[in-house]
Structure formats: C-alpha cells, structure tokens
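Q: Under the working numbering, the first residue of the sequence shown is numbered 2, with each subsequent residue one higher.
Note that CB positions come from ideal geometry on N, CA and C, so glycine has one too.
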Amino acid sequence: METLHPMVVHFPIALLMAAWLIETLALLFQRSGWHKISLWNVGLGTLGALAAVLSGRQAMAAAKHSMEIYQVMELHERLGYVVLTLSATIAGWRLFKGDRLGRRSRWLLWGLLTCAVGLMAFSAYLGGRMVYEFGVGGSYGRSSGVEVVQ
Ligand code: HEM
C-alpha cells in the first residue's frame with residue numbers, strides 16, 4: 002500500500018454520517034442530550050476529514066494517472082477541501098457558542114451538515130471509482146493490465 006489514505010477515509014465518512022443522523026433525530030424528537038453526541042461526532046469527523054485531506058495529498062502525489070483520471074481526482078480533491086471547510090465551520094461555531102444554540106441556528110447548521118455529508122458521499126464515490134475503475138493506488142480496474150480469470 003502506497004499511502005494511508007484508504008485507511009483514514011473511513012473515519013470522516015462514518016463520523017460525519019453518524020453526526021448527521023443523530024442531529025436529525027435530536028431535532029425531530031427534541032432530545033437536547035443527543036446534540037452533545039452529534040457534536041462529538043462532528044468534532045472527531047472534522048479531525049478525520051483533516052487526516053483524509055493530508056493523506057489524500059500524499060496519495061495524489063504518489064498516483065500515476067492519465068488526463069481522464071486527473072479530472073476525477075481534481076474534483077475529488079476539491080470536494081475534500083469543501084467537506085473539511087464545512088465540517089470545521091460547523092464544529093468551530095458550535096464549540097465557540099458552547100453548543101447553546103436556538104432552534105433556527107441548529108437547523109441552519111443541520112443544513113450545512115447535510116451539504117457536507119452529501120458532498121462527502123459523492124466524493125467518496127469518485128474515490129471508489131478512481132481505485133476500482135481506473136486502478137489508481139491499487140491493482141484493480143482497467144489500467145492494471147491484469148486479467149481476472151474466474
Ligand atoms: C474528506 C476528504 C476525503 C474523503 C472522505 C476521501 C475519500 C476517498 C475514498 C473513499 C477513496 C477510495 C479508497 C479505496 O477504496 O481504496 C479515496 C481515494 C483517493 N483519494 Fe480521497 N478522500 C478525501 C480527500 C482527498 C483529497 C483532498 C485528495 C487529494 C489531494 C484525495 C486523493 C485521493 C486519491 C489520489 C485516491 C486514490 C488512491 C488512494 O486511495 O490512495 N482524497 N478517497
């Protein structure tokens with residue numbers, strides 16, 4: 002394995018998705034205690050996104066790629082920066098306010114978290130395409146030159 006990126010990416014994906022689910026339930030069922038759990042998930046998910054961005058830069062430098070792959074990789078990279086910025090803004094705002102927020106602010110941050118998680122899901126799909134379709138960073142896909150006999 003050339004980089005840490007495939008190991009690291011599971012943390013922001015799992016934590017930010019969990020944060021979204023828990024925050025949604027907290028808002029719908031008005032469970033104030035659940036906001037604290039979602040804040041932990043957003044905070045740790047942001048650290049995970051930072052690790053994914055740093056390891057992603059390393060993966061990109063190590064990856065051999067054509068122009069077609071580069072376009073997918075560049076979009077994946079940009080989405081990674083957007084996800085990190087959004088999650089850091091949400092976590093930072095909530096921590097700065099001691100997580101004492103009105104209902105309007107909570108729904109606004111929920112909207113931002115929904116965007117972050119949606120973009121992250123699309124970016125992860127692109128990451129999977131790079132690895133399993135184009136063979137970047139692995140031995141799968143059409144560019145590996147290996148034929149699988151079943
Ligand atoms: C929140 C941020 C990010 C997430 C959640 C994420 C997620 C993923 C996922 C799920 C894969 C497929 C891994 C596999 O199936 O083995 C992947 C691959 C990849 N990502 Fe990211 N990524 C992020 C940020 C970045 C950034 C910022 C870059 C570039 C600067 C990048 C570059 C790559 C590259 C080159 C690959 C293919 C090779 C490899 O996995 O080593 N990623 N990413």
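Only counting the same chain, and skipping five residues up and downstream in sequence, which positions put a Cβ closer than 7 Å to that of Val-118?
A: Leu-17, Met-18 and Trp-21
Q: Can you give the beta carbon distance from Val-1 to Ala-64, rounded, assuming they're within the 8 Å contact cut?
A: As shown, the chain starts at 2 and ends at 151. That puts residue 1 outside it, with no answer to give.
Q: Quick one: grab the DSSP three-state call for Ala-1.
A: In this structure the chain extends from 2 to 151, so residue 1 is not present and cannot be described.
Q: So what's Phe-135 in DSSP terms, helix, strand or just coil?
A: coil
Q: Considering Leu-102, what are the terminal residues of the alpha helix (DSSP H) in which it resides?
A: Here Leu-102 belongs to no alpha helix (DSSP H), and DSSP marks it neither H nor E.
Q: Within 10 angstroms of the Cβ of His-6, are there 16 or more other Cβ atoms? Answer buried if so, exposed if not.
A: Counting Cβ neighbours within 10 Å, His-6 comes out buried, since at least 16 surround it.
Q: Is it the case that the Cβ atoms of Leu-45 and Ser-124 are separated by a distance below 9 Å?
A: no
Q: Would you say Ala-152 and Val-43 are within 9 Å of each other, going by their C-beta atoms?
A: Not covered by the structure: residue 152. The range shown for the chain is 2 to 151.
Q: Whole angstroms is fine: what's the gap from Ser-39's alpha carbon to Gly-81's?
A: 21 Å
Q: DSSP three-state call for Gln-59: helix, strand or coil?
A: helix
Q: Given that a residue counts as buried once 16 or more other Cβ atoms are within 10 Å of its Cβ, and exposed if not, what is Met-74?
A: Around the CB of Met-74, 16 or more other CB atoms lie within 10 Å, so the residue is classed as buried.
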